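Colleague: Would you mind keeping the following structure in view while I ask a few things?
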Amino acid sequence: MKTQTHHPQTFRALPTHSKPLDTNRLAVLFEQQIALYKSNLRSSSAEYETALKSIPLGAHSTFQSFDPYPISIASAKGAWMTDVDGRKMLDLSMGFGSMLAGHLNPEVIAELKATLDVGTLYTAPSPDSRDAAERLCRRFGIDQIRFTNSGTESTMYAIRTARAYTGKEGVVKVEGGYHGSGDAVMVSTKPPLDKAGPADSPNSVIGNASVPGESYVVPFNNIQALENVFEKHYSTIACFIVEPVLENIGIVLPDEGYLEAVRQLCDQYKIILIFDEVKTGLTAGPQGAAQRLGITPDLICMAKSIGGGIPLAAFGGKEEFMRPVTDGRMPHLGTFNGHILAMAAVRAVDKIFTPTALAKAESLNIQALTRIQEMIDIYELPAHTVGFGVKGCVTWSDTPVRNYRDYKATNFQVAELSFIWSLNHGIMTPPGLDEQWLISLAHDQAEIDFMVNDFKELAKTLRG
């Protein structure tokens, strides 16, 4: 079978050769790391037990809670955090991109402090909210934008806008793709394979307590499967929502030509193309993933990196497709939309996320990916590195992951060990076995050396 080439603006390095890992050794190492975790994180354990009394799972997002208990953070600055046990930890999660500027970035803090002299919430139009909209429209190459408060809100309203514009209800999404917790997209985010159906024609596996309406699921990087769904159901399909680079199951890169073919099919069948750039956005580059990859969606969803650490999201796009908001077919409401502190953060973000600044962060990321891949080759690990912009990850497979089914075939045993290992060795990575690291403007050579050296120690330990 021919190996597919990934998009040239993305990074993937496969191992030259690899050998299997000893599963029994992995199990022993994991138990050792769990014991170390419990020994070193007694204050986090106590905080967790106290939090359980007032907070389900002890955290305000289900994703933040994991076994045996999550680490509780006391403070953060730059690229580092300090937990309640007093341990200093390198932050490679960075709020999934929300902290792209780094913790307590001076430019962001200065804008926030200045804004506190004039107000916080107006619940009315303001030159500040108009200015912020103009800045993001200019940066992302779109006509109009509306602010929201979370990525979930943005994807929810983008889909509603598409439904109102087309007068149709159907939503197509990618198997394994995550677009927040709105009902319309709580379908086949990480479905069990015994319910997911054939790989080339997946079922819509509905999430717990969700009522998505008409939904269809397709595999990523399979243009024929998408065309089959469009051809059969185009008369009732409003939109296709997709991350241009999947960042819910590691980092899954688009094949060269895939997104171009998606754009063409959406035009052919008059289906609105929505890019979910909640997690890519400015982490992909100074103008986001769409412009970097050379594809223009009809609507785009943004969050995380555009807010400098302040809760902020948005959806927008071509004026034609935003018209339902204007003419009342799709009322968009929200008391906190255009919050003045968030608008201040946009001003700071627009100032600091220059092509030069993001290029430096990306060069550090490429260095980390390349050096870690060298360790993978030296220790013959069944793994490879993948990256896009300032994000990267180690995928525990010696073959490319092009879709959800490939992801499900990766080695979750070693992924879980790697996650706990990092937490025990002073590195905060996102919860879960399939997230990616992020190199922010606050990371520098010392931080790259720290993470690479830690991976080297893990690799040596895996091989004994």
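Per the numbering used here, numbering through the sequence shown is continuous, rising by one, with the last residue being 454. Glycine included, every Cβ here is placed at the ideal spot set by N, Cα and C. Predicted model, so just to flag it, every value in this text is computed and none were measured.
(1) By alpha-carbon positions, which one of D396, M312, D133 and G68 ends up nearest to A436?
(2) Give me, in chain order, the residues of the same chain whose beta-carbon lies closer than 6 Å to that of P301; leave out the 5 immediate sequence neighbours on both sides.
(3) Fully enclosed by the segment 293 to 352, which alpha helix (DSSP H) runs are 4 residues long or longer?
(4) Residues in the same chain with beta-carbon distance under 7 Å from V74, minus the five sequence neighbours each way, listed in chain order, please.
(5) Can you give me the Cβ contacts of P420 inside the same chain, cut-off strictly under 6 Å, excluding the 5 residues immediately before and after it?
(6) Taking just the CA atoms, how far does Q54 sit from R77?
(7) Can you tell me whether DSSP reads E267 as helix, strand or coil?
(8) Suppose contacts are defined by Cβ-Cβ distances below 9 Å. Is D118 in contact with M292 by that definition?
(9) Counting pairs of beta carbons, one from the segment 388 to 399 and one from the segment 257 to 276, are three or more of them closer than 8 Å?
(10) Find the nearest neighbour of S88 within the set N414, A303 and T385, judged by alpha-carbon distance.
(11) Can you list, in chain order, the residues of its chain with a C-beta nearer than 8 Å to that of T400? Leave out the 5 residues immediately preceding and following it.
(12) Please identify the residue among I24, G275 and T151 whose C-alpha is closest to the C-alpha of T316.
(13) Suppose the cutoff is 6 Å on Cβ atoms and the five residues either side in sequence are ignored; what does the same chain contact list for Y427 look like?
(14) Is it buried or exposed, I429, if we count other Cβ atoms within 10 angstroms and call 16 or more buried?
(15) Report yes if the CB atom of N485 is closer than 9 Å to the CB atom of D190, and no otherwise.
(16) According to DSSP, simplified to helix, strand and coil, what is K381?
(17) Run through the DSSP bridge pairs and tell me what Q134 is partnered with.
(18) Using the beta-carbon count (16 or more within 10 Å), is N198 buried or exposed?
(19) What ranges does the beta strand (DSSP E) occupy inside the segment -5 to 60, keeping only unbroken runs of at least 3 residues that lie completely in it?
(20) Taking a contact to mean a Cβ-Cβ separation below 9 Å, would you say T286 touches E233 in this structure?
(21) Could you tell me if V108 is buried or exposed, where buried requires 16 or more neighbouring beta carbons within 10 angstroms of its beta carbon?
(22) Might you give, ordered along the chain, the residues of its own chain that have their beta carbon closer than 8 Å to the beta carbon of A49, omitting 5 neighbours on each side?
(23) Buried or exposed, going by whether 16 or more other CB atoms sit within 10 Å of the CB of K(-8)?
Modeller: On the basis of the supplied data:
(1) Here residue 436 refers to the residue found at position 446 of the sequence shown. Check the Cα spacing between A436 and each of D396, M312, D133 and G68: the tightest is with G68.
(2) Locating residue 301 in the sequence shown gives position 311, counting from the first residue. Once the five neighbours on either side are set aside, the close Cβ partners of P301 are N139.
(3) 309 to 317 and 330 to 342
(4) Walking along the sequence shown from the start, residue 74 turns up at place 84. Taken in chain order, the residues that qualify are S33, S34, E37, S62 and A64.
(5) Here residue 420 is taken as the residue at index 430 of the sequence shown, counted from 1. Excluding residues within five positions, the ones whose Cβ falls inside 6 Å are S83.
(6) On the sequence shown, position 87 is the one that residue 77 refers to. On the sequence shown, position 64 is the one that residue 54 refers to. When rounded, the distance between both Cα atoms is 19 Å.
(7) Position 277 of the sequence shown holds residue 267. In the three-state reduction of the DSSP assignment, E267 falls in the strand class, which pools E and B.
(8) As a working note, residue 118 is residue 128 in the sequence shown. As a working note, residue 292 is residue 302 in the sequence shown. No. Outside cutoff.
(9) Touching, no, given that fewer than three Cβ pairs across the two stretches are closer than 8 Å.
(10) By 1-based counting over the sequence shown, the position of residue 88 is 98. Among N414, A303 and T385, the Cα nearest to that of S88 is on A303.
(11) As a position in the sequence shown, residue 400 is number 410, starting the count at 1. Leaving aside the five residues that flank T400 on each side, the residues in its chain whose CB is nearer than 8 Å to its CB run, in chain order, G240, T385, W386, S387 and V391.
(12) Here residue 316 refers to the residue found at position 326 when the sequence shown is read from its first residue. Answer by Cα proximity: T151.
(13) As a working note, residue 427 is residue 437 in the sequence shown. A quick correction: the sequence has Trp, not Tyr, at residue 427. L82 and G382.
(14) Taking the first residue of the sequence shown as 1, we reach residue 429 at position 439. I429 is buried by the Cβ-count criterion.
(15) Examination of residue 485 is not possible in this model, given that the chain is present from -9 through 454 alone.
(16) Your numbering for residue 381 matches position 391 in the sequence shown. It is a strand residue.
(17) By one-based count along the sequence shown, residue 134 stands at place 144. Paired residue(s): G307.
(18) To locate residue 198, count along the sequence shown from 1; it is residue 208. Burial state of N198 is exposed, judged by a 10 Å Cβ sphere holding fewer than 16 other Cβ atoms.
(19) 1 to 3
(20) Your numbering for residue 286 matches position 296 in the sequence shown. Your numbering for residue 233 matches position 243 in the sequence shown. Cβ atoms of T286 and E233: not closer than 9 Å.
(21) In the sequence shown, residue 108 corresponds to position 118, counting from 1. Answer is exposed; the Cβ neighbour count stays below 16.
(22) Translated into the one-based positions of the sequence shown, residue 49 becomes position 59. For A49, where only same-chain residues beyond five positions count, the Cβ hits under 8 Å are A41, S55 and P60.
(23) Residue -8 sits at position 2 when you count from the first residue of the sequence shown. Residue confidence for K(-8) is low, a pLDDT of 47 falling below 50, so the modelled location carries little weight; the figure read from the coordinates is stated next. When all chains shown are included, K(-8) counts as exposed.
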